[in-house]
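First to last, the sequence lines map onto chains A and B.
Read in order, the letters of the first sequence are residues 2 to 150 in my numbering.
Read in order, the letters of the second sequence are residues 2 to 150 in my numbering.
Backbone N, C-alpha and C define an ideal beta-carbon position, used for all residues, glycine too.
2 protein chains.
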Amino acid sequence: MPLPKTARAASRPVRSAPLQAASLRQTRRAHATETAEDYVEAIADLTLAMGEARVVDLARRLGVTHVTVNHTLARLQREGYLSALPYRAIFLTPHGQRLAKICQQRHEVVVAFLQALGVPPKIAERDAEGIEHHVSPRTLAAFARHLAQ
Amino acid sequence: MPLPKTARAASRPVRSAPLQAASLRQTRRAHATETAEDYVEAIADLTLAMGEARVVDLARRLGVTHVTVNHTLARLQREGYLSALPYRAIFLTPHGQRLAKICQQRHEVVVAFLQALGVPPKIAERDAEGIEHHVSPRTLAAFARHLAQ
DNA sequence: TCTAAAATGTAGCTAAGGCTACATTATGTA
DNA sequence: TACATAATGTAGCCTTAGCTACATTTTAGA
Ligand SMILES: [Mn+2]
Ligand SMILES: [Mn+2]
Ligand SMILES: [Mn+2]
Ligand SMILES: [Mn+2]
Numbered sequence: 002m003p004l005p006k007t008a009r010a011a012s013r014p015v016r017s018a019p020l021q022a023a024s025l026r027q028t029r030r031a032h033a034t035e036t037a038e039d040y041v042e043a044i045a046d047l048t049l050a051m052g053e054a055r056v057v058d059l060a061r062r063l064g065v066t067h068v069t070v071n072h073t074l075a076r077l078q079r080e081g082y083l084s085a086l087p088y089r090a091i092f093l094t095p096h097g098q099r100l101a102k103i104c105q106q107r108h109e110v111v112v113a114f115l116q117a118l119g120v121p122p123k124i125a126e127r128d129a130e131g132i133e134h135h136v137s138p139r140t141l142a143a144f145a146r147h148l149a150q
Numbered sequence: 002m003p004l005p006k007t008a009r010a011a012s013r014p015v016r017s018a019p020l021q022a023a024s025l026r027q028t029r030r031a032h033a034t035e036t037a038e039d040y041v042e043a044i045a046d047l048t049l050a051m052g053e054a055r056v057v058d059l060a061r062r063l064g065v066t067h068v069t070v071n072h073t074l075a076r077l078q079r080e081g082y083l084s085a086l087p088y089r090a091i092f093l094t095p096h097g098q099r100l101a102k103i104c105q106q107r108h109e110v111v112v113a114f115l116q117a118l119g120v121p122p123k124i125a126e127r128d129a130e131g132i133e134h135h136v137s138p139r140t141l142a143a144f145a146r147h148l149a150q
């Protein structure tokens, strides 16, 4: 026997449907750019550490096969984040470099923040790899504020 | 002229390849269960607030079409989270209820934590909707600790 | 310089999770 | 009770992102 549609016997804060829908849309949007963010960040890291970024190195760092890397690189090249020629190293475009820098900085702040809260380093690194993509500028600023104290 | 493969001119902490790969694998695992988590949480919320959970209500709250809801419900039913009959309301199995409770609690902690840091409520809600799925038990405990002070 | 091994690329598959367009079933009200 | 409308379901499409198996190209060392 269902309650009337207007019943609201909530014992805890019930998110409004529009707010929750908007939040979930934002989460899906974040997931859509997440791969690009992790790839350009990894390419920037590898370029700095090894002089160039190669497909095998990316595959190793990203925990996927080289086939997946190839496939994704094709899309990211299409979308203007990087340039690549067959059997050659991968280079970020200025657009890709800008994104990489932002992601590197955000990544560092999130990891440092979690560690400052008492989360062990490896767990902080693990969680940060996912959390970072859902941290808005306002929240990132809050993390940085907390770190500055 | 690429540097030798052993070069390591890093000016900032370089994550080891194995740790980064493990972190990204964990992130992908989290994304695989994320939909289930958001659905069971929404179904529990709706059941409490309206007496039952219907496809239209879920679609509205989740910000997707009813077709997507149907499609996903079929999978979640296959995986034992819920039961549903054509043209009837959706019910969580005990398994689904257990997951829903965990997710509801975690969601609340994450939102409260972000707000305690000074993030405005709506932004906290938005970010939490994505962040929650990447918060490990250790990190959740750290959030709760911080809230208790 | 040759050639085996490493790196890279391609073909073709799967699953999740979106969508529009259309079909069917329930339901509330005249 | 009839029937218009709301709710639900189905068909069929797309993109992302994974994979294995196999083909091709580079490259390093004998
Ligand atoms: Mn990441
Ligand atoms: Mn995520
Ligand atoms: Mn969520
Ligand atoms: Mn949630």
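Exercise. When the Cα atoms are used, what is the spatial distance from V41(A) to T48(B)?
Worked result: Here residue 41(A) refers to the residue found at position 40 of the first sequence. Here residue 48(B) refers to the residue found at position 47 of the second sequence. Their backbone Cα atoms lie some 43 Å apart in a straight line.
Problem set entry | Contact test: H135(A) Cβ vs ligand 3 heavy atom, cutoff 7 Å | Counting from 1 along the first sequence, the entry for residue 135(A) is found at position 134. Within the chosen limit of 7 Å, ligand 3 does not reach the beta carbon of H135(A) with any heavy atom.
Exercise. Is there a Cβ from chain A that is less than 8 Å from the Cβ of E130(B)?
Worked result: Numbered from 1 along the second sequence, position 129 holds the residue referred to as residue 130(B). At least one chain A Cβ lies under 8 Å of E130(B).
Exercise. Who are the Cβ neighbours of E133(A) in its own chain at under 7 Å, not counting the five residues just before and after it?
Worked result: The count along the first sequence starts at 1 and reaches residue 133(A) at position 132. Closer than 7 Å at Cβ, skipping near neighbours: R107, H108, V111.
Exercise. Do A31(A) and H135(A) have their C-beta atoms closer together than 8 Å?
Worked result: The residue labelled residue 31(A) in the question sits at position 30 within the first sequence. The residue labelled residue 135(A) in the question sits at position 134 within the first sequence. Yes, the Cβ-Cβ distance between A31(A) and H135(A) is below 8 Å.
Exercise. Are the C-beta of T69(A) and some C-beta of chain B separated by less than 8 Å?
Worked result: Against the first sequence, residue 69(A) aligns to sequence position 68. No, T69(A) does not count as interfacial toward chain B.
For this session: Take A125(A) and list the residues in its own chain whose beta-carbon comes closer than 7 Å to its own, dropping the five residues that flank it on each side.
Result: In the first sequence, the residue the question calls residue 125(A) occupies position 124. Answer for A125(A): V112, L115, Q116, listed in chain order.
Exercise. Between the Cα of S17(B) and the Cα atoms of T73(A), S24(A), R127(A), which residue gives the shortest distance?
Worked result: Residue mapping note: residue 17(B) aligns to position 16 of the second sequence, counting from 1. Considering only alpha carbons, the answer is R127(A).
Exercise. What do you reckon, is the C-beta of Y108(A) under 7 Å from a heavy atom of ligand 2?
Worked result: Stepping through the first sequence from its first residue, residue 108(A) is reached at position 107. Per the sequence shown, the amino acid found at residue 108(A) is His instead of Tyr. No; taking the cut-off as 7 Å, the Cβ of H108(A) has no heavy atom of ligand 2 nearer than that.
For this session: Using a Cβ cut-off of 8 Å (strictly closer), state whether A50(A) contacts chain B.
Result: Here residue 50(A) refers to the residue found at position 49 of the first sequence. Judged by the 8 Å Cβ criterion, A50(A) is in contact with chain B.
For this session: Per DSSP, which residues does I91(B) bridge with? Please list them.
Result: Here the question's residue 91(B) lines up with position 90 in the second sequence. DSSP output for I91(B) lists A54(B), A85(B) as bridge partner(s).
Exercise. Looking at the C-beta of Q27(A), does it have a partner C-beta in chain B at a distance below 8 Å?
Worked result: Position 26 of the first sequence, counting from 1, holds the residue named residue 27(A). Yes, its Cβ sits closer than 8 Å to a Cβ of chain B.
Problem set entry | Simplified DSSP state of Q150(A), which is helix, strand or coil | Here residue 150(A) corresponds to residue number 149 of the first sequence, with the count starting at 1. Reduced to three states, the DSSP call for Q150(A) is coil.
Exercise. Between A60(B) and the rest of its own chain, which residues show a CB-CB distance below 8 Å, the 5 nearest in sequence each way excluded?
Worked result: For the purposes of this step, residue 60(B) is taken as residue 59 along the second sequence, with counting starting at 1. Excluding residues within five positions, the ones whose Cβ falls inside 8 Å are T66, H67, T69, V70.
Exercise. Going by Cα to Cα distance, which pick from L93(B), A129(B), L148(B) is closest to G52(B)?
Worked result: As a working mapping, residue 52(B) is identified with position 51 in the second sequence. Minimum Cα distance to G52(B) is reached at L93(B).
For this session: With a threshold of 7 Å, establish whether the CB of T28(B) neighbours any heavy atom of ligand 1.
Result: In the second sequence, counting from the first residue as 1, residue 28(B) sits at position 27. Yes, ligand 1 has a heavy atom inside 7 Å of this Cβ.
Exercise. Where does G81(B) land, buried or exposed, given buried means 16+ other C-beta within 10 angstroms?
Worked result: Stepping through the second sequence from its first residue, residue 81(B) is reached at position 80. Result: exposed.
Problem set entry | G119(B) beta carbon near ligand 3 (any heavy atom closer than 7 Å) | Position 118 of the second sequence holds residue 119(B). Not so, every heavy atom of ligand 3 lies at least 7 Å from the Cβ.
Exercise. Can you find a C-beta in chain B that's less than 8 Å from the C-beta of A8(A)?
Worked result: Here residue 8(A) is taken as the residue at index 7 of the first sequence, counted from 1. Note that A8(A) scores a pLDDT of 40, beneath 50, so its modelled location is shaky and nothing firm can be said.
For this session: Please determine, among R26(B), T36(B), A23(B), L25(B), the residue with the shortest C-alpha to C-alpha distance to T28(A).
Result: Translated into positions along the first sequence, residue 28(A) becomes position 27. Out of R26(B), T36(B), A23(B), L25(B), T36(B) has the C-alpha closest to the C-alpha of T28(A).
Exercise. Alpha carbon to alpha carbon, how far is A149(A) from A23(A)?
Worked result: Here residue 149(A) refers to the residue found at position 148 of the first sequence. Here residue 23(A) refers to the residue found at position 22 of the first sequence. Computed Cα separation, rounded: 31 Å.
For this session: Below 8 Å CB to CB, which residues in the same chain sit around R9(A) once its five sequence neighbours on both sides are set aside?
Result: Within the first sequence, the letter at position 8 stands for residue 9(A). In this prediction, R9(A) scores a pLDDT of 40, lower than 50, which makes its location untrustworthy; the coordinate-derived value is nonetheless stated afterwards. The residues are V15.
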